[in-house]
Amino acid sequence: MPEDEQSDTEPRSFLTCATEVARLLGVEDVAVEPGDRHARLLAHAVRKPLLERASLPEELFDPLMAASVYDPDPSFCRWFVEPAVYAFGRRRVMAALVDYLRTGTDAERAGAVRAWYCAHVPLHADRSPAHGSGGVRDPVLDEVQDIKDAWLETSMRVFAEAATDLRMRHRVLLGLPTSRAAYPPRLHDLLESTLASARTHTNQHIRRWAAAAGHDAA
Numbered sequence: 753m754p755e756d757e758q759s760d761t762e763p764r765s766f767l768t769c770a771t772e773v774a775r776l777l778g779v780e781d782v783a784v785e786p787g788d789r790h791a792r793l794l795a796h797a798v799r800k801p802l803l804e805r806a807s808l809p810e811e812l813f814d815p816l817m818a819a820s821v822y823d824p825d826p827s828f829c830r831w832f833v834e835p836a837v838y839a840f841g842r843r844r845v846m847a848a849l850v851d852y853l854r855t856g857t858d859a860e861r862a863g864a865v866r867a868w869y870c871a872h873v874p875l876h877a878d879r880s881p882a883h884g885s886g887g888v889r890d891p892v893l894d895e896v897q898d899i900k901d902a903w904l905e906t907s908m909r910v911f912a913e914a915a916t917d918l919r920m921r922h923r924v925l926l927g928l929p930t931s932r933a934a935y936p937p938r939l940h941d942l943l944e945s946t947l948a949s950a951r952t953h954t955n956q957h958i959r960r961w962a963a964a965a966g967h968d969a970a
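Have a look at this one:
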């Protein structure tokens, strides 16, 4: 698992993740509401301080990534992903999401797919002081081509897993580019295998993806 195992008495949830982020930031808890509402209020409470700090403590990285993955709303998981990208670098954030996709539960994998989109957020010096000293950012923090290739490979391997449910196979495949040029040469054999499986799949959307990708390959 990408994260330390949770205790049997406190299963991982978006609420527990958001609570941990708030605790580490020193943000006071909000009034208790029903689970989903409470978690969203906590997320809203930490959003501003996460972006306003010039740096974030190392101990906050894993909880931020967990909150990003467990946030069920793709419109809001950016609240955790964006400050992590600024403070810890796009490379490290994307690598963590690849780990979730590779070894996580189906729920964590689904969350990683949502957060992956947000991890491409454009960076601006005036958006967060964590961007870099004097607006200058170390480019090494955001070098991600090999990580993107790892995401492509892991997505195709997840699709190939017989134990993975249809929704997950659908989710990871439709997030993949249909252009062969987007894949490094070392992944071309895996791409062909993925295409062969997708062409005969019972799901019409998966077959449609295969048709588009196969047309490009031809």
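Heads up, the sequence shown is in my numbering, so the first residue is 753 and it goes up one at a time.
By construction, the Cβ of each residue, glycine as well, lies at the ideal position given by its N, Cα and C atoms.
Predicted model, so just to flag it, every value in this text is computed and none were measured.
Between the alpha carbons of V798 and E772 lies a distance of about 11 Å. Taking the Cα of E895 as reference, the smallest distance to any Cα among G841, A864 and P881 is reached at G841. The beta carbon of F813 is closer than 6 Å to those of F840 in its chain, skipping five residues each way along the sequence. The alpha helix (DSSP H) runs lying completely inside the stretch 774-846 and spanning 4 residues or more are 787-804, 813-822 and 830-840, given in chain order. A Cβ-Cβ contact shorter than 9 Å links S907 with V924. Contact check for S880 against Y838 passes: the beta carbons are separated by less than 9 Å.
Of the candidates T857, L893 and A791, the residue whose Cα lies closest to the Cα of V845 is L893. Counting only the Cα atoms, V910 lies some 15 Å from P929. By the 16-neighbour rule on beta-carbons within 10 angstroms, D898 is exposed. Under the DSSP assignment, T857 falls outside any alpha helix (DSSP H); it carries neither an H nor an E label. Closest in C-alpha terms to A806, from the list D878, A818 and R854, comes D878.
Here the C-alpha atom of A847 lies approximately 22 Å from the C-alpha atom of L776. Straight-line measurement puts the Cα of T857 at about 20 Å from the Cα of D788. A877 carries a coil assignment under DSSP once its states are collapsed to helix, strand and coil. When rounded, the separation of the alpha-carbon atoms in G863 and S820 is 7 Å.
With contacts defined by Cβ atoms closer than 9 Å, A882 and L816 do not form a contacting pair. If the five residues before and after L942 are omitted, its C-beta is found closer than 7 Å to the C-beta atoms of E905 and M908, all from its own chain and listed in chain order.
For L925, the enclosing alpha helix (DSSP H) begins and ends at L918 to L926. Taking C-beta atoms as the reference points, H796 and L767 fail to come closer than 9 Å.
Excluding its 5 nearest sequence neighbours in each direction, C870 has C-beta neighbours in its own chain below 6 Å: C829, R830 and V833, listed in chain order. In this structure, DSSP gives P929 a state outside helix and strand, which the three-state scheme calls coil. Judged by their CB atoms, C769 and Y822 are nearer to each other than the 9 Å cut-off.
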